[in-house]
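Numbering (this note's numbering), first residue to last: 1 to 85. The beta carbon of each residue, even a glycine, is placed where N, CA and C say it ideally should be.
Put into structure tokens, the structure is as follows:
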């Protein structure tokens, strides 16, 4: 199961936020100083905060996820060998 982590949340926000600003507000807001600040500075600040506080914790989570993925791949490989050999 994929865990929802702060990194994945910030990736989603960083990708969706400029489009949300364009759709919800008009393009003039997007190109205004406040719009540019909200659109580009807040996601970058979020990435920086994640890097400072959450990176090590989530790398441990990712290592655990990879181990469980490897176990799953091994299980499927063994199942394939049993079924088709």
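Legend entry - At least 3 beta-carbon pairs within less than 8 Å: the region 16 to 24 vs the region 46 to 56: Touching, no, given that fewer than three Cβ pairs across the two stretches are closer than 8 Å.
Inset, instruction - Would you grab the beta carbon distance between residue 46 and residue 10 for me? Rounded to a whole angstrom, and I think it's under 8 Å. - result: Position 46 of the chain shown, counted from the first residue, corresponds to residue 46. Position 10 of the chain shown, counted from the first residue, corresponds to residue 10. The C-beta distance from residue 46 to residue 10 rounds to 5 Å, short enough to fall under 8 Å.
Inset, instruction - Could you give the DSSP three-state label for residue 14: helix, strand or coil? - result: Here residue 14 refers to the residue found at position 14 when the chain shown is read from its first residue. If DSSP states are grouped into helix, strand and coil, residue 14 belongs with the helices.
Inset, instruction - Tell me where the alpha helix (DSSP H) around residue 37 begins and ends. - result: Here the question's residue 37 lines up with position 37 in the chain shown. First-last for residue 37: undefined, no H or E at that position.
Inset, instruction - State the CB to CB distance for the pair residue 14 and residue 43, rounded to an integer number of angstroms; the pair is presumed to be in contact (CB under 8 Å). - result: The sequence position of residue 14 within the chain shown is 14, counting from 1. The sequence position of residue 43 within the chain shown is 43, counting from 1. Right, the Cβ-Cβ distance comes to about 4 Å (below 8 Å), so this counts as a contact.
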